[in-house]
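*Asks:* Residue numbers (my numbering), protein chains in the order written: chain A, 1 to 301; chain B, 302 to 534. Every residue gets a Cβ at the ideal spot worked out from N, C-alpha and C, and that includes glycine.
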Amino acid sequence: MCGIVGLFAKSAAVEARLGGHVSAMLVQLSDRGPDSAGMALYRDPVPEGSCKLTLYSPDPNEDWAAVAGALAESLGPTDEPQVRATHACLVVEAEASEAVAWVGHVMPRLRVMSAGRSLELYKEVGRPEAFVEQFSLEDVEGSHALGHTRMATESRVTTEASHPFSTGLDLCLVHNGSLSNHNRLRRRLRREGIPFQTDNDTEVAAGYLVWRLREGATLEQALQGCLEDLDGFYTFAVGTADGFAVLRDPIACKPAVLAETDDWVAMASEYRAIAVLPGADEARVWEPSPGVVYAWERVAA
Amino acid sequence: MSVTAAVETVDLSVTSLRELNQRLHDAGRDDRGPRHWRVLHPNGAHALACGLDAEVEVELEGHVGYYCAGMNERATVRVRGNAGTGVAENMMSGLVVVDGSASQSAGATAHGGLLVVKGDVSARCGISLKGADVVVHGSIGHMGAFMAQSGRLVVCGDAGEALGDSIYEARLYVAGEVASLGADCVEKEIGAEHLEELQQLLERAEVEGVDATSFRRYGSARQLYSFRIDNAY
Numbered sequence: 001m002c003g004i005v006g007l008f009a010k011s012a013a014v015e016a017r018l019g020g021h022v023s024a025m026l027v028q029l030s031d032r033g034p035d036s037a038g039m040a041l042y043r044d045p046v047p048e049g050s051c052k053l054t055l056y057s058p059d060p061n062e063d064w065a066a067v068a069g070a071l072a073e074s075l076g077p078t079d080e081p082q083v084r085a086t087h088a089c090l091v092v093e094a095e096a097s098e099a100v101a102w103v104g105h106v107m108p109r110l111r112v113m114s115a116g117r118s119l120e121l122y123k124e125v126g127r128p129e130a131f132v133e134q135f136s137l138e139d140v141e142g143s144h145a146l147g148h149t150r151m152a153t154e155s156r157v158t159t160e161a162s163h164p165f166s167t168g169l170d171l172c173l174v175h176n177g178s179l180s181n182h183n184r185l186r187r188r189l190r191r192e193g194i195p196f197q198t199d200n201d202t203e204v205a206a207g208y209l210v211w212r213l214r215e216g217a218t219l220e221q222a223l224q225g226c227l228e229d230l231d232g233f234y235t236f237a238v239g240t241a242d243g244f245a246v247l248r249d250p251i252a253c254k255p256a257v258l259a260e261t262d263d264w265v266a267m268a269s270e271y272r273a274i275a276v277l278p279g280a281d282e283a284r285v286w287e288p289s290p291g292v293v294y295a296w297e298r299v300a301a
Numbered sequence: 302m303s304v305t306a307a308v309e310t311v312d313l314s315v316t317s318l319r320e321l322n323q324r325l326h327d328a329g330r331d332d333r334g335p336r337h338w339r340v341l342h343p344n345g346a347h348a349l350a351c352g353l354d355a356e357v358e359v360e361l362e363g364h365v366g367y368y369c370a371g372m373n374e375r376a377t378v379r380v381r382g383n384a385g386t387g388v389a390e391n392m393m394s395g396l397v398v399v400d401g402s403a404s405q406s407a408g409a410t411a412h413g414g415l416l417v418v419k420g421d422v423s424a425r426c427g428i429s430l431k432g433a434d435v436v437v438h439g440s441i442g443h444m445g446a447f448m449a450q451s452g453r454l455v456v457c458g459d460a461g462e463a464l465g466d467s468i469y470e471a472r473l474y475v476a477g478e479v480a481s482l483g484a485d486c487v488e489k490e491i492g493a494e495h496l497e498e499l500q501q502l503l504e505r506a507e508v509e510g511v512d513a514t515s516f517r518r519y520g521s522a523r524q525l526y527s528f529r530i531d532n533a534y
């Protein structure tokens with residue numbers, strides 16, 4: 001099972017209510033994935049030279065102000081942390097790679113859930129309804145977002161093994177399905193210098209995309225590569241700083257529905273998650289063809 | 302005495318899905334309930350109008366989720382939108398009409414009745430068909446009529462890869478292109494009796510502007526393991 005959702009705002013009104021819309025979509029897919037839930041939001045890009053980190057602490061009493069203070073002392077001016085449940089989003093005047101390395105060395109108890117200039121990534125075990133409430137995502141604005149509700153198959157129910165997965169800057173992936181060649185591919189990617197934090201299959205797919213992009217592929221080419229190199233079944237939704245893309249494996253056991261209006265583009269495992277969006281009745285609704293990459297990108301103004 | 306046929310309207314934004322299905326089942330049980338139902342705001346809910354066994358007509362005003370009109374007997378179910386996975390799955394008799402498109406496994410294992418989809422159908426349309434008729438105004442995806450045993454599948458548009466893989470005795474008619482035929486599926490001649498049944502199916506499914514003579518027929522070459530008498534138990 002598992003449920004995935006994605007929403008790309010085409011109007012200011014949808015941008016202003018992005019978190020609320022995606023929360024409502026996630027709750028609709030609660031029965032597809034009651035084990036854990038997550039959301040990746042693209043919003044408030046920070047200026048060049050700064051980076052945005054989403055960090056997770058297994059300690060519910062984590063002193064995030066102290067973390068921000070230590071970052072500021074070692075790397076550069078750091079904004080006040082925006083805390084959401086077990087996660088905190090920090091903006092630091094430093095290169096993202098530098099900040100990620102610092103967290104790994106100095107505060108290994110923390111997990112870097114995302115790094116980049118606009119991506120924020122929150123995920124936790126428990127039902128989607130509880131997740132949405134704990135993380136107060138209802139009122140968050142943003143340009144686009146992906147979400148996931150998980151029914152675990154390939155690895156344990158933990159915060160780290162929840163989706164979305166981000167293994168590259170401003171890049172994230174949600175997955176409905178399971179991969180069977182992930183162990184071999186993980187070894188190959190580790191040799192290429194791609195780091196992994198879990199034994200989860202989806203993280204390998206996210207790492208694969210990072211590797212292909214690093215080698216010069218476009219997002220579309222990297223996704224085309226999945227059709228050759230990944231064995232298993234999947235519907236993927238991939239988020240980047242500019243938009244998102246959707247791919248289903250050629251056998252297409254896993255569902256996906258796409259819909260578009262003048263105000264938004266949405267994808268979901270099932271239509272009922274799209275039905276909660278404004279104007280869904282009038283949307284153009286279709287099922288993406290197997291093995292075809294669908295992508296939406298924000299055009300620079 | 303003439304009675305104006307009343308339409309019983311149920312709004313799923315107010316009434317629960319379980320209550321709707323229960324009321325539809327009760328209507329069939331004593332044959333005295335409303336004959337004509339109209340359901341508002343289906344919003345992609347699963348198992349709508351499932352397991353009906355009565356001569357009722359149910360109109361669903363919007364997109365529906367999985368297994369709509371599954372196991373249908375005698376009822377007429379009209380979907381004024383798209384349908385999710387497994388519409389009319391295991392239908393026994395009656396009529397199911399989808400005005401929009403349907404997702405995968407439409408009409409799977411259906412034994413009888415007629416399923417009409419006015420848009421397209423994705424993968425595995427009519428998988429393991431057991432005697433029902435399926436008419437698609439548009440095109441179908443890959444592995445249509447996989448292991449279909451009997452019944453007829455009519456596709457006015459194109460068919461995706463591996464049409465009729467491991468097919469038994471179902472008859473397949475396709476007007477457009479077939480991307481590829483599955484194992485043991487071959488093109489067959491169209492005789493007068495085929496044209497006649499095709500013409501009837503097109504009429505019943507309200508297909509217009511497509512000539513019965515433009516179709517090609519496909520079926521089993523009967524060469525797979527199970528067709529060899531030496532392999533019989």
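Under 8 Å between C-beta atoms, does Val285(A) make it to chain B?
*Replies:* In the first sequence, residue 285(A) corresponds to position 285, counting from 1. Closer than 8 Å: yes.
*Asks:* Tell me, please, whether the stretch 403–411 of chain B touches the stretch 428–443 of chain B by the rule of three or more beta-carbon pairs shorter than 8 Å.
*Replies:* yes
*Asks:* Let me see if you follow: with CB-CB separation under 8 Å, is Tyr271(A) close to chain B or not?
*Replies:* As a working mapping, residue 271(A) is identified with position 271 in the first sequence. By this cut-off, Tyr271(A) is an interface position.
*Asks:* According to the Cβ coordinates, are Val22(A) and Met39(A) closer than 8 Å?
*Replies:* Numbered from 1 along the first sequence, position 22 holds the residue referred to as residue 22(A). Numbered from 1 along the first sequence, position 39 holds the residue referred to as residue 39(A). Yes.
*Asks:* Can you tell me the Cβ-Cβ gap for Leu464(B) and Gly483(B), rounded? I've got them flagged as a contact below 8 Å.
*Replies:* As a working mapping, residue 464(B) is identified with position 163 in the second sequence. As a working mapping, residue 483(B) is identified with position 182 in the second sequence. 6 Å between Cβ atoms; contact.
*Asks:* Tell me the DSSP secondary structure of Ser36(A) in three-state form.
*Replies:* Here residue 36(A) is taken as the residue at index 36 of the first sequence, counted from 1. It is a strand residue.
*Asks:* Do we get a CB-CB distance below 8 Å when we pair Ala301(A) with the residues of chain B?
*Replies:* Locating residue 301(A) in the first sequence gives position 301, counting from the first residue. Unreliable placement is indicated for Ala301(A), whose pLDDT of 49 sits below 50; the coordinate value is still reported in the next sentence. No, Ala301(A) lies away from the interface with chain B (no Cβ there is under 8 Å from its Cβ).
*Asks:* Could you work out which residue in Asp421(B), Ala471(B), Gly432(B) is closest to Val456(B) when comparing CA atoms only?
*Replies:* In the second sequence, residue 456(B) corresponds to position 155, counting from 1. It is Asp421(B) whose Cα lies nearest to the Cα of Val456(B).
*Asks:* Exposed or buried, what is Gly438(B) when buried is set at 16 or more other beta-carbons lying within 10 Å of its beta-carbon?
*Replies:* Taking the first residue of the second sequence as 1, we reach residue 438(B) at position 137. Reading off the sequence shown, one finds His at residue 438(B), where the question assumed Gly. Buried.
*Asks:* Look up Thr377(B) in the DSSP assignment and say whether it is helix, strand or coil.
*Replies:* Reading the second sequence from its first residue, position 76 is the one you call residue 377(B). Reduced to three states, the DSSP call for Thr377(B) is strand.
*Asks:* Could you tell me whether any Cβ in chain B is nearer than 8 Å to the Cβ of Ala266(A)?
*Replies:* Within the first sequence, residue 266(A) is the residue found at index 266, counting from 1. Chain B contact via Cβ: absent.
*Asks:* Would you list the one or two residues that DSSP bridges to Lys313(A)?
*Replies:* Absent from the model: residue 313(A). The displayed extent of chain A is 1 to 301, so no value can be given.
*Asks:* I'd like to check one pair, Arg375(B) with Val398(B): are the Cβ atoms closer than 8 Å?
*Replies:* Position 97 of the second sequence, counting from 1, holds the residue named residue 398(B). Position 74 of the second sequence, counting from 1, holds the residue named residue 375(B). Contact flag unset, no.
*Asks:* Could you check whether the Cβ of Ala446(B) sits closer than 8 Å to any Cβ belonging to chain A?
*Replies:* Reading the second sequence from its first residue, position 145 is the one you call residue 446(B). Chain A contact via Cβ: absent.
*Asks:* Can you check whether the CB of Val106(A) is closer than 8 Å to the CB of Ala66(A)?
*Replies:* Along the first sequence, read from residue 1 onward, the residue named residue 66(A) stands at position 66. Along the first sequence, read from residue 1 onward, the residue named residue 106(A) stands at position 106. No, the pair does not count as a contact, with Cβ atoms beyond the cut-off.
*Asks:* Tell me which residue opens and which closes the alpha helix (DSSP H) that Gly452(B) is part of.
*Replies:* One-based indexing of the second sequence puts residue 452(B) at position 151. Note, Gly452(B): premise wrong, no alpha helix (DSSP H); beta strand (DSSP E) at 451–456.
*Asks:* Please report the straight-line C-alpha distance between Val315(B) and Gly33(A), rounded to a whole angstrom.
*Replies:* Residue numbering aside, residue 315(B) sits at position 14 when the second sequence is read from its first letter. Residue numbering aside, residue 33(A) sits at position 33 when the first sequence is read from its first letter. Spanning the two alpha carbons is a distance of roughly 25 Å.
*Asks:* Excluding five sequence neighbours on each side, which residues of the same chain lie with their C-beta closer than 6 Å to the C-beta of Gly401(B)?
*Replies:* The residue you call residue 401(B) lines up with position 100 of the second sequence. Closer than 6 Å at Cβ, skipping near neighbours: Gly382, Asn383, Gly420.
*Asks:* Is there a Cβ from chain A that is less than 8 Å from the Cβ of Ser303(B)?
*Replies:* If you number the second sequence from 1, residue 303(B) lands on position 2. Residue placement at Ser303(B) is poorly supported in this model, since its pLDDT is 42, which falls under 50; the coordinates still yield a value, given next. Judged by the 8 Å Cβ criterion, Ser303(B) is not in contact with chain A.
*Asks:* Taking DSSP as the reference, what is the three-state secondary structure of Asn322(B)?
*Replies:* In the second sequence, counting from the first residue as 1, residue 322(B) sits at position 21. Helix.
*Asks:* My guess is that Tyr42(A) and Leu110(A) are in contact by the Cβ rule of under 8 Å, so how many angstroms apart are they, rounded?
*Replies:* Along the first sequence, read from residue 1 onward, the residue named residue 42(A) stands at position 42. Along the first sequence, read from residue 1 onward, the residue named residue 110(A) stands at position 110. Their Cβ separation, rounded to whole angstroms, is 22 Å, which puts Tyr42(A) and Leu110(A) out of contact at 8 Å.
*Asks:* Taking CB distances under 8 Å as the criterion, tell me whether Asn322(B) reaches chain A.
*Replies:* What you label residue 322(B) is simply residue 21 of the second sequence in a count that begins at 1. Chain A, which has no Cβ nearer than 8 Å to the Cβ of Asn322(B), makes this no.
*Asks:* Put Glu154(A) into one of helix, strand or coil per three-state DSSP.
*Replies:* Mapped onto the first sequence, residue 154(A) falls at position 154. If DSSP states are grouped into helix, strand and coil, Glu154(A) belongs with coil.
*Asks:* Among residues of its own chain, excluding the 5 on either side of Val204(A), which ones have a beta-carbon nearer than 6 Å to its beta-carbon?
*Replies:* By one-based count along the first sequence, residue 204(A) stands at place 204. Closer than 6 Å at Cβ, skipping near neighbours: His182, Leu185, Arg186.
*Asks:* My output table needs one value for Tyr367(B): the three-state DSSP class, helix, strand or coil.
*Replies:* By 1-based counting over the second sequence, the position of residue 367(B) is 66. Coil at Tyr367(B), not helix or strand.
*Asks:* Please state if the CB of Leu415(B) and the CB of Ala506(B) are separated by a distance shorter than 8 Å.
*Replies:* Numbered from 1 along the second sequence, position 205 holds the residue referred to as residue 506(B). Numbered from 1 along the second sequence, position 114 holds the residue referred to as residue 415(B). Going by C-beta atoms, Ala506(B) is nearer than 8 Å to Leu415(B).
*Asks:* Just the Cα atoms here: how many angstroms apart are Glu478(B) and Ile274(A)?
*Replies:* As a working mapping, residue 478(B) is identified with position 177 in the second sequence. As a working mapping, residue 274(A) is identified with position 274 in the first sequence. Near 33 Å, if we compare the C-alpha coordinates of Ile274(A) and Glu478(B).
*Asks:* When the cut-off is 8 Å and only beta carbons count, does Pro290(A) lie next to chain B?
*Replies:* Here residue 290(A) refers to the residue found at position 290 when the first sequence is read from its first residue. Yes, because at least one Cβ of chain B sits closer than 8 Å to the Cβ of Pro290(A).
*Asks:* Please list the terminal residues of the continuous alpha helix (DSSP H) segment that includes Gln302(A).
*Replies:* Only positions 1 to 301 of chain A appear in this structure, which leaves residue 302(A) out of reach.
*Asks:* Strictly below 7 Å CB to CB, what residues from chain B border Ala101(A)?
*Replies:* Here residue 101(A) corresponds to residue number 101 of the first sequence, with the count starting at 1. Those do not exist, as Ala101(A) stays about 45 Å from chain B at its closest Cβ, beyond 7 Å.
*Asks:* Taking a cut of 8 Å between CB atoms, which residues from the stretch 406–426 of chain B lie near chain A?
*Replies:* Ser423, Ala424
*Asks:* Who are the Cβ neighbours of Leu341(B) in its own chain at under 6 Å, not counting the five residues just before and after it?
*Replies:* For the purposes of this step, residue 341(B) is identified with residue 40 of the second sequence, where counting begins at 1. If we look at Leu341(B) and ignore the five residues flanking it on each side, its Cβ neighbours are Asp312, Glu362.
*Asks:* Write down every uninterrupted run of the alpha helix (DSSP H) in the stretch 133–214 of chain A whose length is 4 residues or greater and which is fully enclosed by it, in chain order.
*Replies:* 182–191, 201–214
*Asks:* Three or more C-beta pairs under 8 Å: does that hold for the stretch 82–92 of chain A against the stretch 51–66 of chain A?
*Replies:* yes
*Asks:* Is there a C-beta anywhere in chain B that falls below 8 Å from the one on Pro58(A)?
*Replies:* Looking up residue 58(A) in the first sequence gives position 58. No, because no Cβ of chain B sits closer than 8 Å to the Cβ of Pro58(A).
*Asks:* Grab the span of the beta strand (DSSP E) containing Tyr234(A) for me, first residue to last.
*Replies:* Position 234 of the first sequence, counting from 1, holds the residue named residue 234(A). Where Tyr234(A) is concerned, the enclosing beta strand (DSSP E) stretches over 232–239.
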